[in-house]
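Q: Those sequence lines, one after another, are chains A and B.
The first sequence: position 13 = 13 (my numbering), numbered continuously.
The second sequence: position 139 = 139 (my numbering), numbered continuously.
Backbone N, C-alpha and C fix where the C-beta goes; we use that ideal spot for every residue, glycine too.
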Amino acid sequence: MLLDNEQIKQLRKQKEKHPMPEQDHKERIKNFNEVPFGYSAETAVKEAARCLQCKEAKCVEGCPVEVDIPAFIKLVMEEKFDEGIKKLKEKNNLPAVCGRVCPQESQCESFCVRGKKGQPVAIGRLERFLADYELAKGVETPPKPAPTGKRVAIVGSGPAGLTAAGDLARMGHEVVLFEAFHATGGVLRYGIPEFRLPKEKVLQREVNYIASLGVEIRTNVVIGKTITVDELFAEGFQAIFIGTGAGLPQFLGIPGENLNGVYSANEFLTRTNLMKAYLFPNWDTPIKLGKKVAVVGAGNVAMDSARTALRLGAEEVHIVYRRSDKEMPARAEEIEHAKEEGVVFNLLTNPIRIIADENGWVKGMECIKMELGEPDESGRARPVPMKGSEFVFDVETVVIAIGNSPNPLIPQTTSGLELGRKGTIKADEKGATSRKGVYAGGDIVTGAATVILAMGAGKVAARAIDSYLKTLV
Amino acid sequence: MFKIVTKKVLAEVSKLMEIEAPLVARKAKPGQFIILRVRENGERIPLTIADSNKEKGTITIIFQEVGKTTKELGTLEAGDYLNDFVGPLGKPMELPSASGRVIAVGGGVGIAPIYPKVKAFYEAGMEVISIIGARTAELLILEDEMRAVSKELHICTDDGTKGHHGFVSDILQTMLDDKSKKIDEIIAVGPLPMMRVVANQTRPYGVKTLVSLNPIMVDGTGMCGCCRVTVGGETKFSCVDGPVFDAHQVDFEELTRRSRMYLNEEKVALEKYEHECRCGGGNQCC
Ligand SMILES: Cc1cc2nc3c(=O)[nH]c(=O)nc-3n(C[C@H](O)[C@H](O)[C@H](O)COP(=O)(O)OP(=O)(O)OC[C@H]3O[C@@H](n4cnc5c(N)ncnc54)[C@H](O)[C@@H]3O)c2cc1C
Ligand SMILES: Cc1cc2nc3c(=O)[nH]c(=O)nc-3n(C[C@H](O)[C@H](O)[C@H](O)COP(=O)(O)OP(=O)(O)OC[C@H]3O[C@@H](n4cnc5c(N)ncnc54)[C@H](O)[C@@H]3O)c2cc1C
Ligand code: SF4
Ligand code: SF4
Ligand code: FES
Chain A
1 MLLDNEQIKQ LRKQKEKHPM PEQDHKERIK NFNEVPFGYS AETAVKEAAR
51 CLQCKEAKCV EGCPVEVDIP AFIKLVMEEK FDEGIKKLKE KNNLPAVCGR
101 VCPQESQCES FCVRGKKGQP VAIGRLERFL ADYELAKGVE TPPKPAPTGK
151 RVAIVGSGPA GLTAAGDLAR MGHEVVLFEA FHATGGVLRY GIPEFRLPKE
201 KVLQREVNYI ASLGVEIRTN VVIGKTITVD ELFAEGFQAI FIGTGAGLPQ
251 FLGIPGENLN GVYSANEFLT RTNLMKAYLF PNWDTPIKLG KKVAVVGAGN
301 VAMDSARTAL RLGAEEVHIV YRRSDKEMPA RAEEIEHAKE EGVVFNLLTN
351 PIRIIADENG WVKGMECIKM ELGEPDESGR ARPVPMKGSE FVFDVETVVI
401 AIGNSPNPLI PQTTSGLELG RKGTIKADEK GATSRKGVYA GGDIVTGAAT
451 VILAMGAGKV AARAIDSYLK TLV
Chain B
1 MFKIVTKKVL AEVSKLMEIE APLVARKAKP GQFIILRVRE NGERIPLTIA
51 DSNKEKGTIT IIFQEVGKTT KELGTLEAGD YLNDFVGPLG KPMELPSASG
101 RVIAVGGGVG IAPIYPKVKA FYEAGMEVIS IIGARTAELL ILEDEMRAVS
151 KELHICTDDG TKGHHGFVSD ILQTMLDDKS KKIDEIIAVG PLPMMRVVAN
201 QTRPYGVKTL VSLNPIMVDG TGMCGCCRVT VGGETKFSCV DGPVFDAHQV
251 DFEELTRRSR MYLNEEKVAL EKYEHECRCG GGNQCC
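Printed below as a string of C-alpha cells:
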C-alpha cells in the first residue's frame, strides 16, 4: 500500500486537485501531440485518496452513464488498477475517450461534495488514468456470451453508435455497425482534434475493443443511399439503432460566406483530423490558411478550430462571439487552453459581412459590437447590435463554428419516422422512435450535445432493443 | 478494399475501370457519383458513375488524369484494390418526358460523366443528339459508346484533328437557330468554362439547360459544405442537392473561383508524386 492512514487523512484535507502535467503552451502550438500527459500512478493514487467515499455519492447523479464513481476511485487508491478498470467498464465502454472529453465540470465533478469547499475530486483524470493504464497493458476482451440469434444494425459509429453496438454485442446479439465515412468514431474522429483525443493511441484502440466484442464494422456505407433502413429490415435485421449525429454545418447567412478562405468548422476540422491535412503533402488532402484567422462562435467546436488554426501555422487567431464570456458554451478547460495558447477573444462582436480581395479571397470581416439586452427564449441575455460600432477585422481565413444541425439523410429516406422541429428524429426516453424496431439516440435526437450524453443514449437504447428483441419469436 | 476488375486505356490520359462494389451497383442511377480513396493517406475524390452492372456487382468509372490522385489511380491495374469506394451519392437525374428531344453536350473530361445520362435518355426512348468535343482527336473518348445511344453524334476538336474544327458551342448554336426542331432539354457536362458558355448561349432561347457540376468535395454526404454553390441566389450543397442543376441559375464565377482554391497545393502534391521514386527501393536509388 502506497499510502498509510495518516497520509490519507492529510490528502482528504487537500483542497486542490492534483495538477495534471501538460505540454508547455509555447511548444504545443507547434505540434498536434496531446496537450495533457495524464496522471502518473503515484499521483492517481493520491488524488483517489481525496475522495470521501460518500455513502450516497452525489457524483454518480452527474454521470449520464451512471459510472460507480466511488467504487472505481477506491480501487485506484488501493492500487487495484485491473479491478478499477473493470468496475469502470461495467458502465462505460469508452473510458479513455470520456476521461478526456467529458465536460466533467458540469457533470460528475459538479456534483462532488468536495467541490463545496475547494475543488472536486478529479474524477475525469482518474478515469483517464485507468483507461490509459489498460490501453498500455493491452485490453482484455470479456468472454463472449451465448448468441441469441438476433441481428441488429447500428447506423453511425460516433459515441452513440459505438456504445449501443458494444452493449448489444455483450448481450449476445449479432451486431453490424454501418459508417458513411472510411473511418469510425464520428465526431471523435473527424471533429475533436488529435491534440485532445489521439486517434491511433486512444480512439482506434477503443474502436478495436468494440470490434473485439464481436461487432462487425462496415465503413463506406451511407445508410439512405447505399442501403435504406427498409432494406436493412428486408435483409433480416430485426432492430435498427440510428446514431447519425448532428453533422450538418450551419452558416451565418451573411454576404461573402462563399468566398475562398471561408470554411465551415466541419470542413476545417474534417480536413485536418480525418484527412490529416496537417501532414500534407505526405497525406494528400490540403488545407489553406492565412496568417490571420477568425473563428466565429465560442463552443467546443470553435475552440478546437481556433487551436487547430494555431497549430497549422496561423500567426493570429481570433474568436468572434456575439455574447459575453459568461455565455460561452465551450468547456472551461478548452477556453483556458485556448487563452494560454494565445487565441484572442473578441466578445460581444457579431460578423455582418465578409470582404473579398480582387481575386475573391477573404481579406477582411466586418463586425458590429453588441450589448446584452433582455433574456431570450434560451434564458440567455439577447445580444443587441450597437449602432455605428461597425469595424473591419483584417483576416484571410474565416471558420464558421456556430453549430451543427442533425444529418438529414436518414430522416429524408426513411418512412414512418416522426421528426422533431429542427430535423431531429423523435425518440422516447428509451430511444424508441415512432417506427417499430427503430431506435435512435445521440445528437440526431437531441441536436448537438455531448459525447457522454450520446453514449448514455446508446446505452439506454441498447437495453430497450434487447427487451424488444426478446418479444420477437 | 474494392477490387479493380477491368481496366481500359481509352486515350493517353483517360482510363476506364470497373470496380467491384455490389452494394453501390445495386443502387446506382444516372447522374450519381461515387467517392474513392486510392490509399490510406489519399484524398477522397468524386467520380461519376459511368455505368453499373447489378448482376456482376460492378461500377464503371472513367477518369481523366489531371492531378496527383487521378494519375496515381491510372497506374493501378486489374486485380489491384482501392482503399475506399462509397456511393451512390448525389441525386439521380430526373428524366424529361419520354418523347422528348434532348441535346447532350460533352466536352473533354465531361464526355465520361455525360455518357450514363445520354444512355438513360436513350433507354427511356428519347431522341438524343450528342455533341462531343475535345482539344484534340487523341483526347476524344467513348465515341462508339456515345454513337450507340445517340440519334446523331457530332464531333468537334479545337485543333481540327477530327470532326468540326472548333467548339461544341458552334454546333449547338446551329441547333438553337434551327426553329424547325424543338429542343426539350439541353444537358452539358464538361470543363467549367464550357458549361458557362453553354449556359449563356442557351439562356436567351429559354431552353431548359442542365449542367452537372464538379466542385471540390470532401465527404460527399452534406457534412462539410465544401461543395457549396450558389444556385438561383441560394447556397446549395452539390453533393446532396445536386450535382445536376439548372445551368441558368448557377453562379459560375463563384464556382470557378472556388475550384481554384488549392491550385498551389495541387501543384505541390503532383510534383512530389512525380519526383518520388517508385522503383520499390524506398528512395534509396536516387
Ligand atoms: C469539434 C467538436 C468538438 C467537440 N468537443 C466535445 C467535448 O469536448 N466534449 C463533449 O462531450 N462533446 C464534444 N462535442 C460534441 C460531441 O462530439 C457530440 O455530441 C457526439 O459526438 C455525438 O455523438 P453521436 O454518436 O450522436 O454522433 P456523431 O459523433 O456525430 O457520429 C455520427 C456518425 O454517423 C455517421 N453517419 C451519419 N449519417 C450516416 C448515414 N446516413 N449512414 C451511415 N453513417 C452515417 C457519421 O459519419 C458519424 O460518423 C464536440 C463536437 C464537435 C463537432
Ligand atoms: C460530382 C463529380 C463528378 C466527377 N466525375 C468525374 C468523372 O467522371 N471523370 C473525371 O475524370 N473527373 C470527374 N470529376 C472531377 C474529379 O473529381 C477531379 O478531376 C479529381 O478530383 C482531380 O483530383 P486530382 O488529385 O487528380 O487532381 P488535383 O491535383 O486535385 O487537381 C488538378 C486539377 O484538376 C482540376 N480539378 C480539381 N478538382 C476538380 C474537380 N472536382 N472537378 C474538376 N476539375 C477538378 C483543377 O483544375 C485542378 O487544378 C468529378 C467531380 C465531381 C465533383
Ligand atoms: S463518464 Fe464522464 S460524467 Fe461519467 S464519471 Fe466519467 S468523466 Fe464523469
Ligand atoms: S461525491 Fe466526490 S467525494 Fe463523494 S464519492 Fe463522489 S467523488 Fe468521492
Ligand atoms: S462535399 Fe461535404 S457537403 Fe458536399
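1) So, does the CB of B/Lys-272 fall closer than 7 Å to a CB anywhere in chain A?
2) Please name the residue in A/Val-121, A/Gly-158, A/Lys-58, A/Gly-166 whose C-alpha comes closest to that of A/Asn-93.
3) With 8 Å as the limit, tell me which residues of the region 79 to 109 of chain B have their beta carbon closer than that to any beta carbon of chain C; keep them in chain order.
4) Run down chain B in chain order and give the residues with a C-beta less than 7 Å from the C-beta of A/Thr-285.
5) Please name the residues in the region 9 to 38 of chain B whose beta-carbon is closer than 7 Å to at least one beta-carbon of chain A, in chain order.
6) Note down, in chain order, all residues in the region 205 to 227 of chain B with a beta-carbon under 9 Å from any beta-carbon belonging to chain A.
7) Taking DSSP's pairing of strands, which residues face A/Glu-334 in a bridge?
8) Check whether the Cβ atoms of B/Val-244 and B/Met-126 lie closer than 7 Å to each other.
9) Quick check: does the Cβ of A/Pro-411 come within less than 6 Å of any heavy atom belonging to ligand 1?
10) Taking B/Val-268 as the query, report the chain A residues whose CB atoms sit under 9 Å from its CB, ordered along the chain.
11) The region 248 to 259 of chain B: which residues have C-beta closer than 7 Å to a C-beta of chain A, in chain order?
12) How would you label A/His-337, buried or exposed, when you count the other beta carbons within 10 angstroms and need 16 or more for buried?
13) DSSP state of B/Pro-22, grouped into three classes?
14) To the nearest whole angstrom, what separates the beta carbons of B/Val-105 and B/Phe-121, a pair I think is in contact under 8 Å?
15) Under the rule that 16 or more other beta-carbon atoms within 10 Å means buried, what is B/Cys-286, buried or exposed?
16) Ligand 4 and A/Ala-49: does the residue's C-beta get closer than 6 Å to at least one heavy atom of that ligand?
17) Should B/Phe-63 be listed as close to ligand 2, given that the test is whether its C-beta is under 6 Å from any heavy atom?
18) With the cut-off set at 7 Å, would you say A/Ala-239 and A/Val-176 are in Cβ contact?
19) Looking only at DSSP bridge pairs, what is A/Ala-457 linked to?
20) I'd like the list of long-range same chain contacts for A/Leu-419, defined as Cβ closer than 8 Å, with 5 residues on each side in sequence excluded.
21) Tell me, to the nearest whole angstrom, how far the beta carbon of B/Val-250 is from that of B/Val-229; I am working on the premise that it is less than 8 Å.
22) Check each residue of the region 260 to 273 of chain A: if its Cβ is closer than 7 Å to any Cβ of chain B, include it; give the result in chain order.
23) What residues in its chain sit with their C-beta under 7 Å from that of A/Arg-271, if we drop five residues either side in the sequence?
24) A/Phe-251 touches chain B at which residues, Cβ-Cβ below 8 Å?
25) Under a CB-based cut-off of 7 Å, is A/Gly-360 close to chain B?
26) Mind listing the chain B neighbours of A/Gly-247? Cutoff is C-beta to C-beta under 9 Å, in chain order.
27) Helix, strand or coil for B/Asp-241? Go by DSSP, reduced to three states.
28) With C-beta atoms as the reference, is B/Phe-85 less than 7 Å away from B/Ala-21?
29) Indicate the three-state DSSP secondary structure (helix, strand or coil) for B/Ala-104 in the structure shown.
30) Taking three-plus beta-carbon pairs below 8 Å as touching, is the region 438 to 450 of chain A in contact with the region 234 to 251 of chain A?
31) Please tell me whether A/Ala-183 has its Cβ less than 7 Å away from any Cβ of chain B.
32) For A/Ala-44 versus A/Val-76, is the C-beta spacing smaller than 7 Å?
33) Skipping 5 residues on each side, what residues in its chain have a beta carbon closer than 6 Å to that of B/Glu-43?
34) Could you please give the first and the last residue of the uninterrupted alpha helix (DSSP H) stretch that includes A/Thr-446?
35) Quick check: does the Cβ of A/Ile-452 come within less than 6 Å of any heavy atom belonging to ligand 3?
36) In the DSSP assignment, find the beta strand (DSSP E) that holds A/Arg-353 and state where it starts and stops.
A: Straight from the coordinates:
1) Output row for B/Lys-272: interface = yes.
2) Distances from the alpha-carbon of A/Asn-93 to those of A/Val-121, A/Gly-158, A/Lys-58, A/Gly-166 put A/Gly-166 closest.
3) Considering every chain present, this structure includes no chain C. Its protein chains are A and B.
4) Annotation: Cβ neighbours of A/Thr-285 in chain B (cutoff 7 Å, chain order): Glu-43.
5) Listed by position along the chain: Leu-23, Val-24, Lys-27, Arg-37.
6) From the region 205 to 227 of chain B, only Val-218, Asp-219, Gly-220, Thr-221, Gly-222, Met-223, Cys-224, Gly-225, Cys-226 have a Cβ closer than 9 Å to chain A.
7) Paired residue(s): none; A/Glu-334 is not in a bridge.
8) With a cutoff of 7 Å on beta-carbon distance, B/Val-244 and B/Met-126 are scored as not near each other.
9) No, Cβ of A/Pro-411 sits at least 6 Å from all heavy atoms of ligand 1.
10) Near B/Val-268 (Cβ distances below 9 Å), the residues of chain A are Phe-280, Pro-281, Pro-286.
11) Considering only beta carbons, the part of the region 248 to 259 of chain B lying closer than 7 Å to chain A consists of Glu-254, Arg-257, Arg-258, in chain order.
12) Result: buried.
13) Here B/Pro-22 sits in helix by DSSP.
14) The Cβ separation is near 13 Å, so there is no contact.
15) Confidence is the limiting factor: at B/Cys-286 the pLDDT is only 48, short of 50, which leaves the residue's position unreliable, though a coordinate-based value still follows. Result: exposed.
16) No, Cβ of A/Ala-49 sits at least 6 Å from all heavy atoms of ligand 4.
17) For ligand 2, at least one heavy atom lies less than 6 Å from the Cβ of B/Phe-63.
18) No. Outside cutoff.
19) As DSSP reads the structure, A/Ala-457 sits in no beta bridge.
20) Excluding residues up to 5 positions away in sequence, Pro-411, Ile-425, Lys-426 lie with their Cβ nearer than 8 Å to the Cβ of A/Leu-419 in the same chain.
21) Yes, they are in contact, since the Cβ atoms of B/Val-250 and B/Val-229 sit about 6 Å apart, within 8 Å.
22) Answer set for the region 260 to 273 of chain A: Asn-260, Ser-264, Asn-266, Glu-267, Thr-270, Arg-271.
23) Here the set comprises Ala-277, Thr-285, Ile-287.
24) What A/Phe-251 touches in chain B: Gly-225, Thr-235.
25) With 7 Å as the cut-off, A/Gly-360 counts as an interface residue toward chain B.
26) Under the 9 Å cutoff, chain B gives Asp-219, Thr-221, Gly-222, Met-223, Cys-224.
27) Here B/Asp-241 sits in helix by DSSP.
28) The answer is yes: Cβ separation under 7 Å.
29) DSSP, read as helix, strand or coil, puts B/Ala-104 in strand.
30) The answer is yes - the region 234 to 251 of chain A touches the region 438 to 450 of chain A, with three or more Cβ pairs under 8 Å.
31) Chain B, which has no Cβ nearer than 7 Å to the Cβ of A/Ala-183, makes this no.
32) Yes. Within cutoff.
33) Within the same chain, B/Glu-43 has close Cβ partners Thr-69.
34) Residues 443 to 446.
35) Taking 6 Å as the cut-off, the C-beta of A/Ile-452 counts as close to a heavy atom of ligand 3.
36) Per DSSP, the continuous beta strand (DSSP E) segment holding A/Arg-353 begins and ends at 349 to 356.
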